[in-house]
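Here's the structure we're looking at; comments come further down.
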Amino acid sequence: MAKNDRANFGSKLGVILASAGSAVGLGNIWRFPYETGNHGGAAFILVYLGCVLFLGIPIMIAEFSIGRHSRANTARAYQILAPGTPWRWVGRMGVLAGFLILGYYSVVAGWTLEFICEAATNSFAGKSATEFISSFNGFVANPWRPVLWMIAFMLATHLIIVKGVEKGIERSAKVMMPALFILLIILAICAVSLPGAGAGIEFLLKPDFSKVDGNVLLGAMGQAFFSLSLGMGCLCTYASYFRNDTNLPRTALNVGFIDTMVAILAGFIIFPAAFSVGIEPDAGPSLLFITLPNVFQQAFGSLPWLAVLLSVMFYVLLALAALTSTISLHEVVTAYLHEEFNLSRSKAARLVTLGCTILGIFSSLSLGVGKEYTLFGMTLFDFFDFLTAKIMLPLGGLFIAVFTGWFLDKQIVWEEMSNRGTLKLPLYKAIIFILKFVAPVAIGFIFVNELGII
Ligand code: PHE
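If you read the sequence shown in numbering that gives the first Met the number 0, its first letter stands for residue 0, the second for the next number, and so on.
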């Protein structure tokens, strides 16, 4: 495919919002709180922040540089920059990771649609915490409803993808991101003022370092990669649509900052709420879906119309945040099939939608009727999550760091990061140092330590 007929993002704001739209999603609002809860709270968050700053942002700059310089899908990018070498497998692994993530992420995205309907019909009213737990568990184990919602979500993603980069991806992100942020702030204020919320705030702010073990490190690193959409070529693919005057390091900083703020805000909603109604913080993937209806119920129960309004708005925005992420996952695989196999964009998109829907059906059923079928002791849903977030993405990040730090011509790296010398880049040496030494050693150490490779 010719280079110059590729699409581009139309504006600088569009670039940031689309990348932040990819980063901000269920990873921040659903996955971050339950990983924090599973790993003991504040200490996990500190390790997480370290991972974002010292691994995530430099690797994001590297991914941006690779993508914009090659202006191709992520697998082709490595072929262009390192022809005839096995580096192209890094890109291919990313495409596979995108496919697998979409195969379970779309299930949770589908849950948000169910919750929009529940919120709109005021069915949270009058329920107790235990009732929320049992109705959620009943819903995810149902063989039909979550599957149908997942399919609906995949179709919505599909429609935006076939509309293309600028009209579909960029326009939707420009409206949704700011609205989501404002609503999160309102909800955090409500949650911290619930009775008994103090214990939740303490859980978020008072680190207990005795809880930091290899598992916490792997969890925090995996969460950082997952939440920043890193290590699988997603941001590399988006960067291939960036303009030449896009400031890559600054965009990475902005995306990292926005993503982290949303995750922390989500924490300030979920934990005060969970402690307030006596739900254990380590409830796992169901945490968001059982605590939040409670927040609406408790904070606005006396004003039912406000409870309905705010809860519908919240789930709509959550669904939209998930949508900007599913779009980016879908785009990685679609761009790959479209450019590598000479398929039209819409045919490539149809294949991806079909494949991911099939995976999605299996992941959804694995939480109910298929519970007994496990892989390495995990349901298919948990296995996809573990394999992608904790193995494939950090491994992808490791390879991206080594590729950019050691293999890629430094002239190219410098030109991309500084826009051909037109930007001042005081931290250039530090970024290269991190890519060359810090990231490979840190990721390698965490892998060896936690997975018992040696
Ligand atoms: N970062 C997205 C989220 O937090 C998920 C995602 C991961 C998207 C990897 C693209 C690539 O929800």
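Using N, Cα and C, we set each Cβ at its ideal position, and we do this for glycine too. None of the values given here were measured: they were computed from a predicted structure.
request  = Starting from the C-beta of Leu328, find all residues in its chain whose C-beta is less than 6 Å away, skip the five residues before and the five after it, and write them out in chain order.
outcome  = Stepping through the sequence shown from its first residue, residue 328 is reached at position 329. Gly97, Ile100 and Leu101.
key: Environment of Phe274 [buried if 16+ CB atoms lie within 10 Å]   = The residue given as residue 274 occupies position 275 in the sequence shown. Buried, since its Cβ has 16 or more Cβ neighbours within 10 Å.
ask   = Using a Cβ-Cβ cut-off of 7 Å (strictly less than) and excluding sequence neighbours within five positions of Pro194, which residues of its own chain qualify?
value = Counting from one through the sequence shown, the residue named residue 194 turns up at place 195. Within the same chain, Pro194 has close Cβ partners Ser275.
message = Is Gly24 close to the ligand PHE? I mean its beta-carbon at under 6 Å from any heavy atom of the ligand.
response = Along the sequence shown, read from residue 1 onward, the residue named residue 24 stands at position 25. For the ligand PHE, at least one heavy atom lies less than 6 Å from the Cβ of Gly24.
inquiry  = Measuring alpha carbon to alpha carbon, tell me which residue in Thr290, Lys409, Phe375 and Ala388 is nearest Glu130.
reply    = Reading the sequence shown from its first residue, position 131 is the one you call residue 130. Ranking the options by Cα distance to Glu130, first place goes to Thr290.
task = Check Leu374 in the structure and name its three-state DSSP category.
result = The residue given as residue 374 occupies position 375 in the sequence shown. If DSSP states are grouped into helix, strand and coil, Leu374 belongs with the strands.
query = What alpha helix (DSSP H) runs, 4 residues minimum, are completely inside the region 90 to 166?
reply = 128 to 140 and 144 to 162
Same chain, Cβ closer than 7 Å to Phe138, five either side skipped, listed in chain order = The count along the sequence shown starts at 1 and reaches residue 138 at position 139. Answer for Phe138: Glu113, Arg144 and Pro145, listed in chain order.
request  = Report the three-state DSSP secondary structure of Pro292 (helix, strand or coil).
outcome  = Translated into positions along the sequence shown, residue 292 becomes position 293. Helix at Pro292.
key: As assigned by DSSP and simplified to three states, the class of Pro284   = Looking up residue 284 in the sequence shown gives position 285. The answer is helix: DSSP assigns Pro284 an H, G or I state.
ask   = Should Cys235 be listed as close to the ligand PHE, given that the test is whether its C-beta is under 6 Å from any heavy atom?
value = In the sequence shown, residue 235 corresponds to position 236, counting from 1. Checking the Cβ of Cys235 against the ligand PHE gives no.
task = Leaving aside the five residues before and after Ala22 along the sequence, list all residues of the same chain whose C-beta is less than 6 Å from its C-beta, in chain order.
result = Position 23 of the sequence shown, counted from the first residue, corresponds to residue 22. Contacts found: Leu227, Ser228, Val254 and Asp258.
key: Glu330 versus Cys233 - alpha carbon distance   = What you label residue 330 is simply residue 331 of the sequence shown in a count that begins at 1. What you label residue 233 is simply residue 234 of the sequence shown in a count that begins at 1. Taking the straight line from one Cα to the other gives about 8 Å.
C-beta contact flag for Gly396 and Ile44 at 7 Å = Here residue 396 is taken as the residue at index 397 of the sequence shown, counted from 1. Here residue 44 is taken as the residue at index 45 of the sequence shown, counted from 1. Contact flag unset, no.
CB of Ile160 within 7 Å of CB of Thr333, strictly = In the sequence shown, counting from the first residue as 1, residue 160 sits at position 161. In the sequence shown, counting from the first residue as 1, residue 333 sits at position 334. Yes, Cβ-Cβ distance for Ile160 and Thr333 is below 7 Å.
task = Have a look at Ile263 and Cys50 and give me their C-alpha separation to the nearest angstrom.
result = Within the sequence shown, numbered from 1, the residue matching residue 263 stands at position 264. Within the sequence shown, numbered from 1, the residue matching residue 50 stands at position 51. Ile263 and Cys50: Cα-Cα distance of roughly 15 Å.
request  = Return helix, strand or coil for Met0, following the three-state DSSP convention.
outcome  = Mapped onto the sequence shown, residue 0 falls at position 1. Only weak support exists for where Met0 lies, its pLDDT of 39 falling under 50; the coordinates are left without a value.
request  = Assign Trp110 to buried or exposed, taking buried as 16 or more other Cβ atoms, counted over all protein chains shown, within 10 Å of its Cβ.
outcome  = In the sequence shown, the residue the question calls residue 110 occupies position 111. Trp110 comes out buried.
query = Which value, in whole angstroms, describes the spacing of the CA atoms of Ile79 and Phe208?
reply = As a working note, residue 79 is residue 80 in the sequence shown. As a working note, residue 208 is residue 209 in the sequence shown. Cα to Cα, the separation comes out at about 45 Å.
task = Measure the C-alpha to C-alpha separation of Met92 and Pro439 and round it to an integer number of angstroms.
result = The residue you call residue 92 lines up with position 93 of the sequence shown. The residue you call residue 439 lines up with position 440 of the sequence shown. Those two C-alpha atoms are separated by around 18 Å.
task = Grab the span of the alpha helix (DSSP H) containing Glu62 for me, first residue to last.
result = Start at 1 with the first residue of the sequence shown, and residue 62 comes out as number 63. Here the alpha helix (DSSP H) through Glu62 covers Ile56 to Ser69.
CA nearest to the CA of Trp304, picked from Ser122, Ser10 and Phe31 = Within the sequence shown, numbered from 1, the residue matching residue 304 stands at position 305. It is Ser122.
Reduced DSSP secondary structure (H/G/I, E/B, other) of Lys205 = Locating residue 205 in the sequence shown gives position 206, where the first residue counts as 1. Coil, per DSSP.
request  = Would you mind working out which of Asp281, Phe361 and Ser64 sits nearest Tyr237, comparing C-alpha positions?
outcome  = Within the sequence shown, the letter at position 238 stands for residue 237. Closest by alpha carbon: Ser64.
request  = Return the residue from the list Ile56, Leu434, Ser285 and Ala19 that minimises the CA-CA distance to Asn136.
outcome  = Residue 136 sits at position 137 when you count from the first residue of the sequence shown. Ranking Ile56, Leu434, Ser285 and Ala19 by Cα distance to Asn136 puts Ser285 first.
query = Ordered along the chain, which non-local residues of its own chain (more than five positions away) have a Cβ less than 7 Å from that of Pro271?
reply = Here residue 271 refers to the residue found at position 272 when the sequence shown is read from its first residue. If we look at Pro271 and ignore the five residues flanking it on each side, its Cβ neighbours are Ala190, Val191, Leu193, Ala196, Gly199 and Ile200.
query = Touch check for the region 235 to 252 and the region 11 to 19: three-plus C-beta pairs under 8 Å?
reply = yes
inquiry  = Going by beta-carbon coordinates alone, are Ser310 and Phe295 separated by less than 7 Å?
reply    = Looking up residue 310 in the sequence shown gives position 311. Looking up residue 295 in the sequence shown gives position 296. Cβ distance < 7 Å, so Ser310 and Phe295 count as in contact.
request  = Indicate, with yes or no, if the ligand PHE has a heavy atom lying under 6 Å from the CB of Ser324.
outcome  = Against the sequence shown, residue 324 aligns to sequence position 325. Yes, Cβ of Ser324 sits closer than 6 Å to a heavy atom of the ligand PHE.
request  = Could you tell me whether any non-hydrogen atom of the ligand PHE is closer than 6 Å to the CB of Phe288?
outcome  = The count along the sequence shown starts at 1 and reaches residue 288 at position 289. Not so, every heavy atom of the ligand PHE lies at least 6 Å from the Cβ.
key: Three-state class that DSSP yields for Asp35 in the structure shown   = Here residue 35 refers to the residue found at position 36 when the sequence shown is read from its first residue. Note that residue 35 is Thr in the sequence shown here, rather than Asp. In the structure shown, Thr35 sits in a helix (DSSP, three-state: H, G or I).
inquiry  = Measuring straight from C-alpha to C-alpha, what distance separates Phe398 and Ala298?
reply    = On the sequence shown, residue 398 is found 399 positions in, with the first residue counted as 1. On the sequence shown, residue 298 is found 299 positions in, with the first residue counted as 1. Spanning the two alpha carbons is a distance of roughly 47 Å.
query = Hey, is Leu316 close to the ligand PHE, as in C-beta under 6 Å from one of its heavy atoms?
reply = Walking along the sequence shown from the start, residue 316 turns up at place 317. The answer is no for Leu316.
query = Quick one: is Phe446 buried, meaning 16 or more other Cβ sit within 10 Å of its Cβ, or exposed?
reply = Taking the sequence shown and counting its residues from 1, the one referred to as residue 446 is at position 447. Buried: at least 16 other Cβ atoms inside 10 Å.
query = Quick one: is Ser18 buried, meaning 16 or more other Cβ sit within 10 Å of its Cβ, or exposed?
reply = Locating residue 18 in the sequence shown gives position 19, counting from the first residue. Ser18 comes out buried.
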